[in-house]
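These notes are about the structure you will find just below.
Residue numbers (my numbering): -12 to 72.
Quick look at the structure:
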């Protein structure tokens, strides 16, 4: 069985108001040495055991491009792990 761990964040140069709010709040709480905060979304998707690694990877890329991210303003990264059922 394959497990995809996916992180979706904004591309460089795209305004991320949630991250800026978090950074400001951290500063107000005394965490003053933070230069940047990036907020994002995290997905974990388990594929059934019938898929090969290549099939799981292709499906992961397809889902990221079509529904999990907006490719115009967001980027994604993923890690595919084999897990024992």
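Don't be surprised by glycine CBs; every beta carbon is placed ideally from N, CA and C.
Looking at C-alpha atoms only, which residue of the options is the closest neighbour of residue i?
i: residue 34; options: 22, 47, 23 and 27; result: 47
i: residue 51; options: 30, 21 and 16; result: 30
i: residue 39; options: 70, -8 and 14; result: 70
With a Cβ-Cβ cutoff of 9 Å, do residue i and residue j count as a contact?
i: residue 12; j: residue 23; result: no
i: residue 53; j: residue -3; result: no
In the DSSP output, what is residue i paired with across the bridge?
i: residue -9; result: 32 and 67
i: residue 14; result: Its beta-bridge partners do not exist; DSSP assigns none.
Roughly how many angstroms separate the alpha carbons of residue i and residue j, rounded to a whole number?
i: residue 65; j: residue 28; result: 12 Å
i: residue -6; j: residue 49; result: 14 Å
i: residue 41; j: residue 68; result: 12 Å
i: residue -12; j: residue 45; result: 15 Å
i: residue 17; j: residue 25; result: 19 Å
i: residue 125; j: residue 4; result: As displayed, the chain neither begins before -12 nor continues past 72, which places residue 125 out of reach and without an answer.
i: residue -10; j: residue 55; result: 16 Å
My output table needs one value for residue i: the three-state DSSP class, helix, strand or coil.
i: residue 7; result: helix
i: residue 62; result: strand
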